[in-house]
Amino acid sequence: MRQNLGLTAAWSFAIIMVLLAVIGAIRAFSVVPYWDMWGGTLGFYIATALDGNSAAWWAQHNEHRIVLSRLLFWLDYALFGGTSVFLIIMNFVIVGLAVLTFYRIVRQRMRDVSGGNQSADVTTWAAMAFLVAWLYHWMQWENLAWGFQSQFFLAQLLPLVALYLLSGARQAGAAGRNRFVLACITGFACIGTMANGVIALPLMTLYALLTRFPWQRSLTLALLSLFALSLYFYGYSSPGNHGSILETFLRQPDDLVYYVLLYLGTPFYFLTGGDVGMRLAAISTAVMAALTVYALVKSLRSPTQNLLTLALVFYIAYIAGTALGTGGGRLVFGVEQAASNRYTTPALMAWAALLALFLPALERGWRQYRPVALFAIACLGAAMLWRQTLALQPQQQVVFNREVAVLALELRVRDEQQINSVYVMDQGLFNTVAVASEYNIGIFDRFPWRDLAPQLGNIVRAREAASCQGHIDQVSAIDGDNNYLRVDGWLFSNTEDRTPQLIQIRNPIGEIAGFALTGQPRPDVAEAVDDDAERSGFRGYIRREYSQPQMTLSGVDVDCALQVDIPATLLE
Numbered sequence: 000m001r002q003n004l005g006l007t008a009a010w011s012f013a014i015i016m017v018l019l020a021v022i023g024a025i026r027a028f029s030v031v032p033y034w035d036m037w038g039g040t041l042g043f044y045i046a047t048a049l050d051g052n053s054a055a056w057w058a059q060h061n062e063h064r065i066v067l068s069r070l071l072f073w074l075d076y077a078l079f080g081g082t083s084v085f086l087i088i089m090n091f092v093i094v095g096l097a098v099l100t101f102y103r104i105v106r107q108r109m110r111d112v113s114g115g116n117q118s119a120d121v122t123t124w125a126a127m128a129f130l131v132a133w134l135y136h137w138m139q140w141e142n143l144a145w146g147f148q149s150q151f152f153l154a155q156l157l158p159l160v161a162l163y164l165l166s167g168a169r170q171a172g173a174a175g176r177n178r179f180v181l182a183c184i185t186g187f188a189c190i191g192t193m194a195n196g197v198i199a200l201p202l203m204t205l206y207a208l209l210t211r212f213p214w215q216r217s218l219t220l221a222l223l224s225l226f227a228l229s230l231y232f233y234g235y236s237s238p239g240n241h242g243s244i245l246e247t248f249l250r251q252p253d254d255l256v257y258y259v260l261l262y263l264g265t266p267f268y269f270l271t272g273g274d275v276g277m278r279l280a281a282i283s284t285a286v287m288a289a290l291t292v293y294a295l296v297k298s299l300r301s302p303t304q305n306l307l308t309l310a311l312v313f314y315i316a317y318i319a320g321t322a323l324g325t326g327g328g329r330l331v332f333g334v335e336q337a338a339s340n341r342y343t344t345p346a347l348m349a350w351a352a353l354l355a356l357f358l359p360a361l362e363r364g365w366r367q368y369r370p371v372a373l374f375a376i377a378c379l380g381a382a383m384l385w386r387q388t389l390a391l392q393p394q395q396q397v398v399f400n401r402e403v404a405v406l407a408l409e410l411r412v413r414d415e416q417q418i419n420s421v422y423v424m425d426q427g428l429f430n431t432v433a434v435a436s437e438y439n440i441g442i443f444d445r446f447p448w449r450d451l452a453p454q455l456g457n458i459v460r461a462r463e464a465a466s467c468q469g470h471i472d473q474v475s476a477i478d479g480d481n482n483y484l485r486v487d488g489w490l491f492s493n494t495e496d497r498t499p500q501l502i503q504i505r506n507p508i509g510e511i512a513g514f515a516l517t518g519q520p521r522p523d524v525a526e527a528v529d530d531d532a533e534r535s536g537f538r539g540y541i542r543r544e545y546s547q548p549q550m551t552l553s554g555v556d557v558d559c560a561l562q563v564d565i566p567a568t569l570l571e
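With numbering that gives the first Met the number 0 applied, the sequence shown corresponds to residues 0 to 571, in that order.
Below is the structure:
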């Protein structure tokens, strides 16, 4: 009875953690491409679908060759209009596949040491409840909620699967042969995730040698490793703004070690924060290293009897190699860069592997020191849940800023401050946008951004419309672009009790002078006017050549209009 209650509580906790992560992803979701997505997804799709550039599939993205993620990017544009919904879902699915892989590993670990008794099954399910909560933690929100980051999950999942398959591929016969073939395929696929994937096959080769695989299979892995490395680095060009591992190690060895310690300990940094979190991250990584070395030394005494144990040790070594490689290339950006949200994904996976590695010992400790263990689990769970509630933070302003940035891009307004909320404004970005807008690709085929630029200067016949409530709060010049004015305010339709999403801005003779988007949180308007006006704030752009002292704000998707005044000094 006590076991059932404990499992119910554990899985309730896990479900709550996953639901909070889903809520966080929904709150943070935007159809707007963000940062690397402009070139990495939209630009990639243009290159392959329009230009027929097949080389774009294998081309570097920084130091990575993200072939598998590019397949997902292509599917997102080809089948789902480039909205990123599919990509966000796939992030959660890939984490789910990691959970399933750890389930297979944990179940095998516990059955190997227990002989299949019932207590082992209870421990397995309790551990899996924790791992579900752990692997879906919102501390990795930069990966979970960003459609571009599937490679971060794939680069940790595939090596785990490959080593797990390899751990069962030593025996002769069809079963061992089939697992070996699958392990080779999965290991080779690792090079299509991220740059750290290149070390998967060499580690698998070393694993096969230490566990005394048949020489034919060890040789196969060695040759496959050489082929994969040669293929990956053929035509490779090191990113100019990154360092090298050797140079960093020789010049900043202490900083590199500290970077790795922070990188692998990021989960504990984000659970505590501040200077204490930094120290705890470094200390926890040192503990991980000591435990992993202990497991390695102990397992090497009889390697053929500890195949799965050694697979987990080698997986942790893979993540450590990832941290070392990342530090070698990015230490130039500062040691603190190791404590980035996106780096928590590999760290979470490493700690999950360590849990699976020492789960039998933890079960024995649970039996002997249950009150202490229960207290420790409760403290860790409370910290995890507390940090998971960050997923509930409102993201409307962030989403609004990104949507207005796309409006600026569609209208070719060089509003650097606004555009920088989605990417660094440069000519390459405008070139990509020009093609996407011309061919109505992705977000430029969606309301409210589709075909706005060609409408500027068109004359629209006046029609009867209900009166909107609203106000122009600010009209300002744009640094670097004298062709447009930026306009901010709010607009709401009392007749329909809602806010138009797209606002058309016209001069007295009916010429379309610009557009604005609503969606900015305005709690002041909601309190003064209507609760439904919570997101009635807008920002938009007026082209100077069509501007007049009096303009009309007209809802496109909500039938209402409002006449407003523009300061004459700004029209000169």
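Note that beta-carbon positions come from the ideal geometry of N, C-alpha and C, so glycine has one too.
Just so we're clear, the structure is a prediction, and the values are computed from it rather than from any experiment.
Pair within 9 angstroms by beta-carbon distance, residue i and residue j
i                : j              : result
arginine 505     : glutamine 417  : no
alanine 20       : alanine 390    : yes
glycine 186      : alanine 144    : no
phenylalanine 91 : leucine 384    : no
proline 520      : glycine 554    : no
serine 436       : cysteine 467   : no
threonine 192    : isoleucine 25  : no
alanine 355      : leucine 263    : no
alanine 97       : glycine 5      : no
tyrosine 258     : glycine 320    : no
arginine 341     : asparagine 142 : yes
serine 68        : valine 30      : no
leucine 311      : leucine 501    : no
alanine 27       : tryptophan 140 : yes
alanine 372      : glycine 380    : no
leucine 455      : arginine 542   : yes
leucine 353      : leucine 309    : no
leucine 428      : tryptophan 37  : yes
Residues of its chain near residue i, where Cβ-Cβ distance is below 7 angstroms and the 5 sequence neighbours each way are ignored
i             : result
aspartate 558 : Ala464, Ala465
serine 546    : Leu484, Asn506, Ala512, Ile565, Leu570
glutamine 562 : Gln549, Thr551
asparagine 52 : Ala46
valine 160    : Thr100, Thr185
glycine 42    : Thr431
For residue i: DSSP bridge partner residues
i              : result
tryptophan 489 : His470, Gly536
glycine 513    : Ile504, Ile541
alanine 476    : Leu484
arginine 589   : Residue 589 lies beyond the stretch modelled for the chain, which goes from 0 to 571, so this question has no answer here.
glutamine 562  : Thr551
aspartate 458  : A quick correction: the sequence has isoleucine, not aspartate, at residue 458. DSSP output for isoleucine 458 lists Glu510 as bridge partner(s).
alanine 171    : Its beta-bridge partners do not exist; DSSP assigns none.
alanine 465    : Cys559
glutamine 519  : Gly536
Expected contact under 8 angstroms - CB spacing of residue i and residue j to nearest Å
i                 : j                 : result
leucine 408       : valine 432        : 5 angstroms
arginine 445      : tyrosine 33       : Their Cβ separation, rounded to whole angstroms, is 16 angstroms, which puts arginine 445 and tyrosine 33 out of contact at 8 angstroms.
methionine 138    : threonine 343     : 5 angstroms
leucine 200       : leucine 223       : 6 angstroms
leucine 71        : leucine 86        : 6 angstroms
phenylalanine 179 : alanine 168       : 4 angstroms
aspartate 253     : phenylalanine 147 : Not quite, the Cβ-Cβ distance comes to about 33 angstroms (not below 8 angstroms), so this is no contact.
serine 149        : isoleucine 198    : The Cβ separation is near 20 angstroms, so there is no contact.
isoleucine 440    : tyrosine 44       : 7 angstroms
proline 238       : glutamate 526     : Rounded, the Cβ-Cβ distance is 50 angstroms, inconsistent with contact.
Cut-off 8 angstroms between Cβ atoms - residues of its own chain near residue i, not counting five sequence neighbours on either side
i             : result
tyrosine 268  : Leu261, Gly276, Met277, Leu279, Ala280, Ala338
glutamine 251 : Leu330
aspartate 111 : Leu307
glycine 536   : Phe399, Asp487, Gly488, Trp489, Thr517, Gly518, Gln519, Pro520, Arg521, Val524
alanine 382   : Leu270, Thr271
alanine 285   : Leu260
Own chain partners of residue i with C-beta closer than 6 angstroms, once the 5 adjacent residues on each side are dropped
i              : result
glycine 196    : Ala154, Cys189, Ile190
serine 217     : Ala207, Leu208
leucine 220    : Met203, Thr204, Ala207
isoleucine 458 : Gly509, Glu510
Contact test: residue i Cβ vs the ligand ATP heavy atom, cutoff 8 angstroms
i           : result
leucine 306 : In terms of ligand content, the structure shown is empty, and the ligand ATP therefore cannot be addressed.
Complete runs of the alpha helix (DSSP H) confined to the stretch 227-289 [at least 4 residues]: 244-250, 252-263, 265-271
Contiguous beta strand (DSSP E) assignments of at least 3 residues, all confined to the stretch 46-100: none
Length-filtered (4 minimum) alpha helix (DSSP H) runs lying within the stretch 189-229: 199-209
Runs of alpha helix (DSSP H) wholly within the stretch 347-396 (minimum 4 residues, chain order): 369-387
Ordered list of beta strand (DSSP E) runs contained in the stretch 6-34, each at least 3 residues: none
Residue ranges of each alpha helix (DSSP H) within the stretch 401-466, 4 or longer: 415-418, 426-437
Minimum length 4: unbroken alpha helix (DSSP H) runs contained in the stretch 106-151: 117-134, 140-143
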